[in-house]
Amino acid sequence: MAEIMVYLIATAALRMRDEGVESMSLSGAPFARRASSTGNSPPAASLVSRLLAWLADVLEPVYGFRSLFAFKMKFHPELDSIHMAYADVASLPTAGRAITRAYLPAASPRQTLALMRMLSERSR
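Just add 6 to wherever you are in the sequence shown, counting from 1, and you've got our numbering.
So, in structure tokens, the structure goes:
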């Protein structure tokens, strides 16, 4: 299956190039982290960064952020960070609900909670 995706993406990229498109997006891979190229140790983790790392571990079996990132690296992309700005840490649950609705639009709050519990138990 991966070979088919590589073929489709490469074919689309070549066609876009032939039509004058200068760049294309392979989309984001939220929660995927690239290794530091500087060799410096990472800064101390904040509460939010620890929460995001936990979410990445919990959601990896469902979404596959890391494998998606590794797949995209085959195309030698130009990497740009995607940031989410928020006014206050207290607004993060609302943002989380919005992101969940984007990925699982038909899931009820009960189903979403059950999924999070199941994934949390698996990550232990």
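Here a beta-carbon is modelled for each residue, glycine too, at the ideal position from N, C-alpha and C. Just so it is clear, the structure is predicted and the values come from calculations on it, not from any experiment.
Helix, strand or coil at residue i according to DSSP, with G and I counted as helix
i                : result
alanine 16       : helix
glycine 102      : helix
tyrosine 109     : helix
glutamate 28     : coil
leucine 57       : helix
proline 115      : helix
glutamate 84     : coil
arginine 94      : Residue 94 is actually aspartate in this sequence, not arginine. Correct three-state label for aspartate 94: coil.
alanine 51       : coil
phenylalanine 71 : helix
arginine 23      : helix
serine 33        : coil
arginine 39      : coil
CA nearest to the CA of residue i, picked from the options
i             : options                      : result
serine 31     : Thr100, Met22, Ala38         : Met22
alanine 59    : Ala76, Gly70, Pro67, Arg39   : Arg39
glutamate 84  : Ser29, Arg116, Asp94, Ala113 : Ser29
tyrosine 69   : Leu57, Glu9, Leu125, Ile15   : Leu125
leucine 57    : Ser87, Asp94, Leu98          : Leu98
threonine 106 : Leu20, Leu121, Ile10         : Leu121
isoleucine 88 : Ser33, Leu20, Ile10, Ala51   : Ser33
alanine 16    : His82, Pro111, Gln117        : His82
valine 95     : Ser55, Glu9, Gly26           : Ser55
Residue i and residue j closer than 8 Å at C-beta
i            : j           : result
alanine 35   : leucine 74  : yes
tyrosine 109 : alanine 101 : no
Whole-Å CB distance - residue i paired with residue j, under 8 Å assumed
i           : j                : result
lysine 80   : valine 12        : 7 Å
leucine 153 : phenylalanine 37 : Any question about residue 153 goes unanswered here, given that the chain covers just 7 to 130.
CB contact below 8 Å: residue i versus chain B
i            : result
arginine 107 : Looking at the structure shown, chain B is missing, and only one protein chain is on hand.
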